[in-house]
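Chemist: Residue numbers (our numbering): 18 to 341.
Glycine included, C-beta positions come from ideal geometry on N, C-alpha and C.
Given the structure is predicted, the values throughout are model-derived calculations rather than measurements.
1. Which same chain residues, not among the five before or five after residue 42, have their C-beta less than 6 Å away from its C-beta?
2. Alpha carbon to alpha carbon, what distance is there between residue 332 and residue 54?
3. Can you tell me where the alpha helix (DSSP H) holding residue 82 begins and where it ends?
4. Per DSSP, which one or two residues make a beta bridge with residue 115?
5. For residue 187, count the other beta carbons within 10 Å of its own beta carbon; 16 or more makes it buried, fewer makes it exposed. Which is it?
6. Going by DSSP, what residue range makes up the alpha helix (DSSP H) through residue 201?
7. For the region 301-308 against the region 270-284, are there 3 or more C-beta pairs whose distance is under 8 Å?
8. Rounded to a whole number of angstroms, what is the C-alpha to C-alpha distance between residue 369 and residue 289?
9. Go ahead and label residue 107 buried or exposed: buried means 16 or more other beta carbons lie within 10 angstroms of its beta carbon, across all protein chains shown.
10. When burial is assigned at 16 or more other CB atoms within 10 Å of the CB, is residue 230 buried or exposed?
11. Relative to the C-alpha of residue 298, which candidate in 114, 61 and 257 has its C-alpha closest?
12. Does the beta-carbon of residue 115, which I'm using as the reference point, lie nearer than 8 Å to any heavy atom of the ligand FAD?
13. Who are the Cβ neighbours of residue 20 in its own chain at under 6 Å, not counting the five residues just before and after it?
14. For residue 31 versus residue 85, is the C-beta spacing smaller than 9 Å?
15. What do you reckon, are the CB atoms on residue 201 and residue 223 nearer than 9 Å?
16. Between which two residues does the alpha helix (DSSP H) containing residue 331 stretch?
17. Find the nearest neighbour of residue 138 within the set 129, 151 and 291, judged by alpha-carbon distance.
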């Protein structure tokens, strides 16, 4: 049994209650809405985010009803962001399954995403904890800002690591930081432990996104999305950023010129950029960055002096080692 399956097994009853709560929360009086959502929920993901809420609550006291409600709230909002992202990116598949916008249309997908958002916010209010409510509201804002940051960087060619990490802090790490914050709020925790677990979650989220970005430089048959998909959308991620900073001219200048042209990159352009990235150590640098962040994250967890932190490390190792 894999490490993540071990964790799922240890949270089996909580995750079953989570699934029931999410289904009940998203039930409506509209037949079409129920049909679309019912089909969507048949293909739930790995549930890393609600698991982080629960593991944090367990670390600091226990998984109570409020922690379960908070976990459902953040999972619903996360899925709302995925549904809306698929519309924005005109994506036809996600994790091997047809997207809502592909099966129905953008109109239906946007409305379903909006329905998810409103229910995520409503569910958070059931905790009657202003910190949880504020956290889920702030998360919605950060996710939107992260997407806008990414659009800005692509449009105005902000090709540096600072801009890159600003984007992934907003669009990815913010979700994981919110998860551990909610788990901590619902179980009761002092400020230093809250700050420490949030620092861990920031590093966790950065590793998650870096690994996602690495996939763009490898065979699409393995990962389930087209090779170079990010590059086609104008997204320059950590592996290529490093190669551009360390590659030799004149090839480096040619790659920069390609990226700054006001046109969609061709398949040939994509192949050249990917080859340039590999030849100049971009992928190796991204892996090394994840390993450095992993070491920082483990050092933070060591401060808690608890055997329960081993599951956080296992989850982080899963994120770094996953192949899709």
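Modeler: Inspection of the coordinates gives the following:
1. Taking the chain shown and counting its residues from 1, one reaches residue 42 at position 25. Closer than 6 Å at the Cβ level, and outside the excluded window around residue 42, lie 136 and 140.
2. By 1-based counting over the chain shown, the position of residue 54 is 37. By 1-based counting over the chain shown, the position of residue 332 is 315. Straight-line Cα distance between these residues: approximately 28 Å.
3. Within the chain shown, the letter at position 65 stands for residue 82. Looking at the DSSP string, the run of the alpha helix (DSSP H) that includes residue 82 is 82-105.
4. Locating residue 115 in the chain shown gives position 98, counting from the first residue. DSSP, once it has assigned bridges, lists 110 as partnering residue 115.
5. Along the chain shown, read from residue 1 onward, the residue named residue 187 stands at position 170. Its Cβ being crowded by 16 or more others within 10 Å, residue 187 is buried.
6. As a working mapping, residue 201 is identified with position 184 in the chain shown. Residues 191-204.
7. no
8. In the structure displayed, the chain extends from 18 to 341; residue 369 sits before or after that span and is not available.
9. Reading the chain shown from its first residue, position 90 is the one you call residue 107. With fewer than 16 Cβ atoms within 10 Å of its Cβ, residue 107 is classed as exposed.
10. Counting from 1 along the chain shown, the entry for residue 230 is found at position 213. Buried, by the Cβ-count rule.
11. For the purposes of this step, residue 298 is taken as residue 281 along the chain shown, with counting starting at 1. The shortest C-alpha separation from residue 298 is found at 257.
12. As presented, the structure is devoid of all ligands, the ligand FAD included, so that no description of it is given.
13. Translated into the one-based positions of the chain shown, residue 20 becomes position 3. Here the set comprises 331 and 335.
14. Position 14 of the chain shown, counted from the start, is the residue given in the question as residue 31. Position 68 of the chain shown, counted from the start, is the residue given in the question as residue 85. Contact flag set, yes.
15. Counting from 1 along the chain shown, the entry for residue 201 is found at position 184. Counting from 1 along the chain shown, the entry for residue 223 is found at position 206. No, these two residues do not count as a Cβ contact at 9 Å.
16. Taking the first residue of the chain shown as 1, we reach residue 331 at position 314. Counting along the chain, the alpha helix (DSSP H) containing residue 331 begins and ends at 326-338.
17. Within the chain shown, numbered from 1, the residue matching residue 138 stands at position 121. Checking every option, the nearest Cα to that of residue 138 belongs to 151.
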